[in-house]
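Worksheet: one structure, shown below.
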Amino acid sequence: MQASLPQCPRCDQDWVHPYRFKDDGAVFSLCTECDSLWWPHEALEAATARFLDDVVAARLGLSGNPWESRVWADVIKAAGKGADIHG
Numbered sequence: 034m035q036a037s038l039p040q041c042p043r044c045d046q047d048w049v050h051p052y053r054f055k056d057d058g059a060v061f062s063l064c065t066e067c068d069s070l071w072w073p074h075e076a077l078e079a080a081t082a083r084f085l086d087d088v089v090a091a092r093l094g095l096s097g098n099p100w101e102s103r104v105w106a107d108v109i110k111a112a113g114k115g116a117d118i119h120g
């Protein structure tokens with residue numbers, strides 16, 4: 034399966050996996066090694082990477098660390114094998 038996933042252009046250490054937010058189902062791509070995030074309409078490039086912490090904090094209306102009272106499983110989940118966000 035990993036051979037079909039793109040390698041992270043930011044860290045070159047892991048694959049970019051499809052994920053979704055639990056609250057509204059919004060999909061995104063995520064490198065779980067460096068926590069880089071891309072929205073579906075963005076090119077998978079280092080220059081367009083966002084940080085998961087920043088996106089989650091903004092979605093929750095928080096400043097700072099969004100993980101003080103929650104874990105990833107509270108907010109996001111893998112989108113599944115069939116989710117091909119960036120082709």
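Heads up, the sequence shown is in the numbering used here, so the first residue is 34 and it goes up one at a time. Built from N, CA and C at the ideal position, the CB exists for glycine as well. Here the structure is a predicted model, which means the values were calculated and not measured.
Measuring CA to CA, which of the options is closest to residue i?
i, options, result
"Ala-106", "Pro-73, Arg-53 and Glu-78", "Arg-53"
"Asp-47", "Leu-70, Ala-76 and Gly-94", "Leu-70"
"Arg-43", "Val-60, Gly-58, Glu-66 and Asp-57", "Glu-66"
"Arg-103", "Ala-82, Asp-86 and Thr-81", "Asp-86"
"Lys-110", "Phe-61, Asp-45, Gln-40 and Leu-38", "Phe-61"
"His-50", "Asp-57, Gly-94 and Leu-63", "Leu-63"
According to DSSP, simplified to helix, strand and coil, what is residue i?
i, result
"Trp-72", "coil"
"Met-34", "Residue placement at Met-34 is poorly supported in this model, since its pLDDT is 48, which falls under 50; the coordinates still yield a value, given next. Coil."
"Leu-63", "strand"
"Trp-100", "coil"
"Ala-111", "strand"
"Arg-53", "strand"
"Arg-83", "strand"
Exposed or buried, residue i, counting other C-beta atoms within 10 Å across all chains shown (16 or more means buried)?
i, result
"Leu-77", "buried"
"Gly-113", "exposed"
"Ala-82", "buried"
Would you mind stating whether residue i and residue j have Cβ atoms separated by less than 9 Å?
i, j, result
"Val-108", "Leu-93", "yes"
"Pro-73", "Val-89", "no"
Would you say the beta carbon of residue i comes nearer than 8 Å to a heavy atom of the ligand ZN?
i, result
"Arg-92", "Questions concerning the ligand ZN fall outside what the structure shown contains, since it holds no ligand whatsoever."
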